[in-house]
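Counting from 148, one number per residue, gives the positions in the sequence shown under the numbering used here.
Glycine included, every Cβ here is placed at the ideal spot set by N, Cα and C.
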Amino acid sequence: MTPDERAQKSAQKMWLQDHASQWVGMELVQIAEGEAVMELTVKKHHCNGHGMCHGGVIFTLADSAFAFACNSRNQVTVAQHNSITYIASGRLGDRLRATATEISLTGRSGITDVQVTNQAGVLIAEFRGLSRSIKGTVFDEA
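Laid out in structure tokens, this is it:
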């Protein structure tokens, strides 16, 4: 199995069980080893009292892209620490794109950066996730 085939199979298995990302309205649009892209169209129920996309929704989108990138090697991997910096507001109707890229993987610990942009390419947020691999695989390769 190639690394990209493994990433695809891991993503398919995870997506079937990822009811949170589906419930929020996300779409997994791209997956490769150490990389993932997820998108979300901002709807009324994603907006806060200021009419902007709620920061928690943006964080959730980035966190989900992070999760798919981290688990792309078929090793169960969880978040150890995440942080986000908001740069611009997401607005009703925006199509947000979270692009996750693995920066470092040493032993069981990884660093993955996620950029969240809108449909015009405007940077909305920068997210950095620290991950830790734990026991188990996403799917059985035997």
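Boundaries of the alpha helix (DSSP H) harbouring GLY203: 202-217, taken from the DSSP string. With respect to GLY276, THR264 sits apart: the two C-beta atoms are not nearer than 8 Å.
Per DSSP, ASP287 lies in no beta strand (DSSP E) and is assigned neither H nor E.
Around the beta carbon of PHE274, 16 or more other beta carbons sit within 10 angstroms, so the residue counts as buried.
Spatial neighbours of ASP287 in its own chain (CB-CB distance under 8 Å, excluding positions within 5 residues in sequence) are not present.
For ALA154, the enclosing alpha helix (DSSP H) covers residues 150-164.
The secondary-structure analysis by DSSP pairs ASP260 across a beta bridge with THR248, ARG275.
Residues of the same chain with a CB within less than 8 Å of the CB of ILE205, apart from the 5 flanking positions on each side, are ILE231, TYR233, GLY237, LEU243, VAL263, ILE271, ALA272 in chain order.
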